[in-house]
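Here's the structure we're looking at; comments come further down.
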Amino acid sequence: MQRTYEIMFIVRPDVLDEDLDKLIAGFEGNVTAGGGTVKSTEKLGRRKLAYTVKKFNDGNYVLMTIDADGSLVGEIERRLRVSEPVIKFISVRMDEEEKRVAKIKAIRATRKKLSAQPAAVPAEGAAAPAAATEQASA
Amino acid sequence: MADETSTSSAPSSRPEGSGSGGPGGRPGAGRPAGPGGGGGRKFFRRKKVCKFCVEKIDAIHYRDVRLLQQFVAERGKIVPRRLTGVCTTHQRGLARAIKQARNIALLPFAARY
Numbered sequence: 001m002q003r004t005y006e007i008m009f010i011v012r013p014d015v016l017d018e019d020l021d022k023l024i025a026g027f028e029g030n031v032t033a034g035g036g037t038v039k040s041t042e043k044l045g046r047r048k049l050a051y052t053v054k055k056f057n058d059g060n061y062v063l064m065t066i067d068a069d070g071s072l073v074g075e076i077e078r079r080l081r082v083s084e085p086v087i088k089f090i091s092v093r094m095d096e097e098e099k100r101v102a103k104i105k106a107i108r109a110t111r112k113k114l115s116a117q118p119a120a121v122p123a124e125g126a127a128a129p130a131a132a133t134e135q136a137s138a
Numbered sequence: 001m002a003d004e005t006s007t008s009s010a011p012s013s014r015p016e017g018s019g020s021g022g023p024g025g026r027p028g029a030g031r032p033a034g035p036g037g038g039g040g041r042k043f044f045r046r047k048k049v050c051k052f053c054v055e056k057i058d059a060i061h062y063r064d065v066r067l068l069q070q071f072v073a074e075r076g077k078i079v080p081r082r083l084t085g086v087c088t089t090h091q092r093g094l095a096r097a098i099k100q101a102r103n104i105a106l107l108p109f110a111a112r113y
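Chains as they are written, first to last, in my numbering: chain A, 1 to 138; chain B, 1 to 113.
Next comes the structure, spelled out in structure tokens:
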């Protein structure tokens with residue numbers, strides 16, 4: 001059962017850029033090896049933390065969006081927990097939320113069409129008498 | 001007795017309120033100003049609307065800190081919807097998003113002083 005997850009993790013601020021890239025590539029490899037797909041990976045850059053985590057006050061935020069099943073996410077979480085440079089992580093399931101938002105958008109789109117149609121009909125109705133009066137005047 | 005006091009306070013509040021005594025929900029003039037967030041007795045109380053409904057923000061995401069910060073008090077508490085006017089559905093999502101953001105250190109659990 002493939003589901004969409006967002007995994008965000010914070011890497012300690014004192015790692016070098018190439019090490020960070022290597023770390024991210026390693027996690028991407030883990031995802032693809034476990035039968036999931038990486039949809040996008042985004043480095044959100046260095047940010048101040050809202051509170052101190054493992055004596056660090058800022059960190060490199062990384063966001064990964066993946067398609068995976070639950071056991072694979074468990075495995076990724078285990079790896080994040082044991083990997084030393086990662087100081088904090090969160091994984092959020094997104095597919096239900098996306099479905100809900102898509103539904104709302106669809107409903108809103110149909111409503112717009114309904115509101116546009118009655119507006120178009122009186123406009124034509126208004127145009128027709130205008131044309132009739134023009135003919136009458138001519 | 002309770003009825004008598006309430007009926008006596010209701011006409012007395014009317015001249016004070018200068019004609020704006022339409023919403024009779026308030027139990028008389030005995031209560032000072034009320035906790036309604038910046039609405040005094042004499043001032044016009046604006047009807048609060050849900051920001052998410054008005055601006056049509058569907059997904060409340062834990063990542064947009066800017067948005068969430070508007071609904072977090074100075075100390076880091078979630079502001080109750082009686083003060084912000086957010087509707088029940090959106091307040092639920094908002095609370096969830098704020099808690100997720102706290103977990104990943106985007107928002108503080110408690111701001112230090």
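Note that CB positions come from ideal geometry on N, CA and C, so glycine has one too.
Contact set between residue i and chain A, taken where Cβ atoms lie within less than 7 Å
| i | result |
| --- | --- |
| L106(B) | A50 |
| F109(B) | Y51 |
| K59(B) | Checking the sequence, you will find Ala at residue 59(B) rather than Lys. Under the 7 Å cutoff, chain A gives E97 and V101. |
Cβ neighbour criterion (16 or more within 10 Å) applied to residue i
| i | result |
| --- | --- |
| V101(A) | exposed |
| A25(A) | exposed |
| N57(A) | exposed |
| P23(B) | Unreliable positioning characterises P23(B) in this predicted model, as indicated by a pLDDT of 39, which lies under 50. A coordinate reading is not provided. |
| F27(A) | buried |
| K88(A) | buried |
| E6(A) | buried |
| I104(A) | exposed |
| R111(A) | exposed |
| V82(A) | exposed |
| F109(B) | exposed |
| I66(A) | buried |
Within-9 Å CB hit, residue i to chain D
| i | result |
| --- | --- |
| D64(B) | The structure shown contains no chain D; its protein chains are A and B. |
Chain A within 9 Å of residue i, Cβ atoms only
| i | result |
| --- | --- |
| Q70(B) | no |
| R75(B) | no |
| R82(B) | no |
| R112(B) | yes |
DSSP beta-bridge partners of residue i
| i | result |
| --- | --- |
| F9(A) | V62(A) and F89(A) |
| T4(A) | D67(A) |
| F56(A) | V53(A) |
| K48(A) | D58(A) |
| T32(A) | Answer by DSSP bridge pairing: none, since T32(A) is not bridged. |
| V72(B) | I78(B) |
| T37(A) | D67(A) |
| K43(A) | V62(A) |
Residues that residue i contacts on chain B, provided the C-beta gap is smaller than 9 Å
| i | result |
| --- | --- |
| K99(A) | Under the 9 Å cutoff, chain B gives no residues; its nearest Cβ is about 11 Å from K99(A). |
| I107(A) | By Cβ distance, chain B contributes nothing, its closest Cβ being about 11 Å from I107(A), past 9 Å. |
| I10(A) | I104 and A105 |
Below-9 Å beta-carbon distance, residue i vs any chain B residue
| i | result |
| --- | --- |
| M1(A) | no |
| I24(A) | no |
Contact list for residue i against chain A, beta-carbon separation under 9 Å
| i | result |
| --- | --- |
| Q91(B) | Here the premise fails: no neighbours, minimum Cβ distance about 16 Å. |
Interface residues of chain B facing residue i [CB-CB closer than 8 Å]
| i | result |
| --- | --- |
| I104(A) | D58 |
Practice task
Check each residue of the region 44-75 of chain A: if its Cβ is closer than 7 Å to any Cβ of chain B, include it; give the result in chain order.
Solution key: Flagged, chain order: L49, A50, Y51 and V53.
Exercise for the section: Closer than 8 Å, Cβ to Cβ, to anything on chain B: give me those residues from the region 73-95 of chain A, in chain order. Expected result: The region 73-95 of chain A vs chain B, Cβ under 8 Å: K88, F89, I90 and V92.
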